[in-house]
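**Student:**
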Amino acid sequence: MKVREYLKNKLRQGAVHITLIDPSRQLPEAAGRLARTAQEVGSDLVLIGSASEHGQRLLMETAEAVQLKTTIPVIFLPGGSDSISFNLDALLFLSMLNSRKPQFVTAAHARIALILKRLSVETISAGYIVVEPGMKLGELGEADLVTRDNFWKAIGYALTAEFMGMDYVYLEAGSGAAQPVPAGMIRAVKREISIPLIVGGGIRTAVDARRVRQAGADIVITGTVIENAGYRERLRSILSAIKE
Ligand code: 1GP
């Protein structure tokens, strides 16, 4: 089944959780183990990507290890590296709407678009909106960050994504952020859009996850939480908060 359909079906049943695996943070074998645990505790999909340079070989080996250990879809998130994987289940075709760098909005995309078509890679589009603090991704993408109290700006970008025909809106606080995107902002954006809303960055506990979910996130993405000790239980509690 296509990943787009898979996600649609999952969303019909409730909220979706995605585990982000950063290839630069562990060896491929460990990445495979983490992805397996994520699937066991109920994560719906694995996203592989990073704001750091990780090299083509590490990406390929990580992707292979993750695919070997899981049966849920594994999709690629192009980010800070020039490395790219064409052989995962889909590619998240993100446009960083508040970037000052054309490369992050459409230029890097234009360079690979024809290859994606020729290789019949499934693409899932999302309007990526980087909210304070934005972390490394915000710096790298030279994001004109949406400040945490500027709900209007977040709504403006979110509706831009919808009017441009994108599949999803993705509000991102940045990997490793001290706090997730504010609940009020998620609520304000959700109220105005009619495409599904992805939220990620800084979601570390069940309390964070519940708050983000209840504010209106359809898809919740966590990354860092699986890099720390006790991650299985932590992820399990995040999953039950999202799926309750
Ligand atoms: C995905 O960048 C996030 O949107 C992941 O953030 O590493 O803080 O969970 P964390």
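For the sequence shown, the working numbering begins at 2 and goes up steadily by one. We put the CB at the ideal spot given by N, CA and C, even for glycine.
Jot down the residue ranges of each uninterrupted beta strand (DSSP E) in the segment 22–83, minimum 3 residues, whole runs only, in chain order.
**Tutor:** 46–50, 75–78
**Student:** I'd like to confirm something about Gly224: is its beta-carbon nearer than 6 Å to some heavy atom of the ligand 1GP, or not?
**Tutor:** yes
**Student:** How about the segment 221–229 and the segment 17–35: do they share at least three Cβ pairs that are nearer than 8 Å?
**Tutor:** yes
**Student:** Below 8 Å, can you find three or more Cβ-Cβ pairs linking the segment 134–141 to the segment 164–181?
**Tutor:** Touching, yes.
**Student:** Return the first residue and the last residue of the beta strand (DSSP E) that Gly224 is part of.
**Tutor:** It is not in any beta strand (DSSP E) - Gly224 carries neither H nor E in the DSSP assignment.
**Student:** How many angstroms separate the CA atom of Ile116 from the CA atom of Lys102?
**Tutor:** 22 Å
**Student:** For Thr91, which three-state DSSP category applies?
**Tutor:** It is Ala, not Thr, that sits at residue 91 in the sequence shown. Correct three-state label for Ala91: strand.
**Student:** Please find out if some non-hydrogen atom of the ligand 1GP comes closer than 6 Å to the beta-carbon of Ser176.
**Tutor:** yes
**Student:** Taking all protein chains shown into account, decide if Arg119 is buried (16 or more other Cβ within 10 angstroms of its Cβ) or exposed.
**Tutor:** exposed
**Student:** Measure the CB-CB distance between Arg212 and Ala179 and report whether it falls below 7 Å.
**Tutor:** Cβ distance not < 7 Å, so Arg212 and Ala179 don't count as in contact.
**Student:** Please confirm whether any heavy atom of the ligand 1GP lies closer than 6 Å to the CB of Glu173.
**Tutor:** yes
**Student:** Indicate the three-state DSSP secondary structure (helix, strand or coil) for Met165 in the structure shown.
**Tutor:** Met165: coil per DSSP, three-state reduction.
**Student:** Specify, as a first and last residue, the run of the beta strand (DSSP E) that Val131 falls within.
**Tutor:** 124–131
**Student:** Closest to Val147 by CA distance: which of Leu93, Glu163, Ile187 is it?
**Tutor:** Ile187
**Student:** With DSSP collapsed to three states, give me the class of Glu143.
**Tutor:** Here Glu143 sits in coil by DSSP.
**Student:** Let me check you understand the geometry: is the CB of Gly142 closer than 6 Å to at least one non-hydrogen atom of the ligand 1GP?
**Tutor:** no
**Student:** Any contact of the segment 68–85 with the segment 158–169, i.e. 3+ C-beta pairs under 8 Å?
**Tutor:** no
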